[in-house]
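*Asks:* If you use full-length UniProt numbering, the sequence shown corresponds to residues 1 to 280, in order.
Beta carbons are placed, not taken as given, at the ideal position from N, Cα and C, and that holds for glycine.
One structure follows; several queries about it will come next.
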Amino acid sequence: MDHITPETTEYQNLLYEVDAERVCWLTLNRPEKANAMSERLIAELKAGLLRADRDDGVNVIVIRGAGRGFCAGHDLEEDATDDRSSIYDYRLKYIKQFEDFTTPWIVTKPVIASVHKYAIGKGFELSLFCDVSIVTSDTMLGYSEVRYGLTAHCMFMPWLVNMKTAKELLLTGREVSAAEAKEMGLVTQVVAPEELEEVTRRKATLMARIPRDMQRIHKSYLNKVYELQGLRTATDYYLELVPIMSVQPVPEYAELTKDTIEKGLKVALSNARSRYEGLE
């Protein structure tokens, strides 16, 4: 993969634009893959976020998805071809990817997730890393990948909900509606699909007009509150567990990978879902 820096201006999978209200709009732009998170897209998103954070002409950042939904999660086709021969190398790769992926939390300026239709797995977690999440009423969110033998990219969810809810979401892989997610504290606001762009624009403009340094100091403070409670310690522990499961996958995931390579992702997912039919 080409080296991508905050100064990168040519993106393959990301659209970068700044409007007159000092709002930077970052659009995940892999609509043919439902904006699935590839290594390239994660790297470009990190670069775009850092570029906006360093730009004096930007006060607020919005992340949204092109096409039929926000983000369908991890790129399973890319995942099927990963080199897992060394748990040590894979661990380092995964930790680096997590550091890149959590950039919305790390940047100093407020980040809004503007979500439509679906935010699954890494797409769900990406929305949780953002400071504000505005979600359309027809959106489904969750960690359904655990049903296929993939570890959920579950980092911030336990810090946003109570224990019973966290366990139910992760131990069943159930997807929840936008209304349920709002009640659980996983999203900030639910809007009609046709209102998403306008509501996001108003919220971003309002936040952009608040003094920039005021926003930065309060975002930093609020993040630190959770980090002092152990958020980073917990996520670091999870990152040590995930490479083990990835290098020594459960049989269900091995079957999914084999079907993906031989029959394509659509067939692989259909086969994997069949064992859960009629249980919800």
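Under the three-state reduction of DSSP, which class applies to L279: helix, strand or coil?
*Replies:* coil
*Asks:* Note the first and the last residue of the continuous alpha helix (DSSP H) segment covering S133.
*Replies:* Not the alpha helix (DSSP H): S133 falls in the beta strand (DSSP E), residues 132-136.
*Asks:* On a CA-only basis, which of E32, K46, T81 is nearest W105? Give me that one, please.
*Replies:* K46
*Asks:* In the structure shown, what three-state DSSP assignment does A208 receive?
*Replies:* helix
*Asks:* From which residue to which residue does the beta strand (DSSP E) around A113 run?
*Replies:* 111-115
*Asks:* Checking the sheet assignment: what are the DSSP bridge partners for S144?
*Replies:* Its beta-bridge partners do not exist; DSSP assigns none.
*Asks:* How big is the Cα-Cα spacing for residue 283 and L206?
*Replies:* Residue numbering for the chain in the displayed model covers 1 to 280; residue 283 lies beyond these limits and cannot be assessed.
*Asks:* Taking T27 as part of the beta strand (DSSP E), name the residues at either end of that continuous run.
*Replies:* 23-28
*Asks:* I need the straight-line Cα distance from S274 to G149, nearest angstrom please.
*Replies:* Between S274 and G149, the C-alpha separation is close to 14 Å.
*Asks:* Give the straight-line distance between the Cα atoms of E39 and Q97, rounded to the nearest whole angstrom.
*Replies:* 8 Å
*Asks:* Return helix, strand or coil for residue 282, following the three-state DSSP convention.
*Replies:* Not covered by the structure: residue 282. The range shown for the chain is 1 to 280.
*Asks:* Who are the near neighbours of L15 in its chain, counting only those whose CB is closer than 6 Å to its CB and skipping five residues on each side?
*Replies:* T27, N29
*Asks:* Have a look at L256 and G173 and give me their C-alpha separation to the nearest angstrom.
*Replies:* 16 Å
*Asks:* Answer yes or no: do R84 and V250 have a C-beta to C-beta separation smaller than 9 Å?
*Replies:* When the beta-carbon positions are compared, R84 and V250 stay at least 9 Å from each other.
*Asks:* Quick one: what does DSSP say L15 is sitting in, helix, strand or coil?
*Replies:* Here DSSP, grouped into helix, strand and coil, assigns L15 to strand.
*Asks:* Just list the alpha helix (DSSP H) runs in the region 156-189, keeping only unbroken ones of 4 residues or longer that don't cross its boundaries, in chain order.
*Replies:* 163-172, 178-184
*Asks:* How many angstroms separate the CA atom of L196 from the CA atom of C24?
*Replies:* 16 Å
*Asks:* Tell me which residue opens and which closes the beta strand (DSSP E) that G65 is part of.
*Replies:* 60-65
*Asks:* Mapping the DSSP letters down to three states, classify V107 as helix, strand or coil.
*Replies:* coil
*Asks:* Rounding to the nearest angstrom, what Cα-Cα distance links D236 and R91 in this structure?
*Replies:* 12 Å
*Asks:* By how many angstroms is the C-alpha of H74 removed from the C-alpha of T151?
*Replies:* 11 Å
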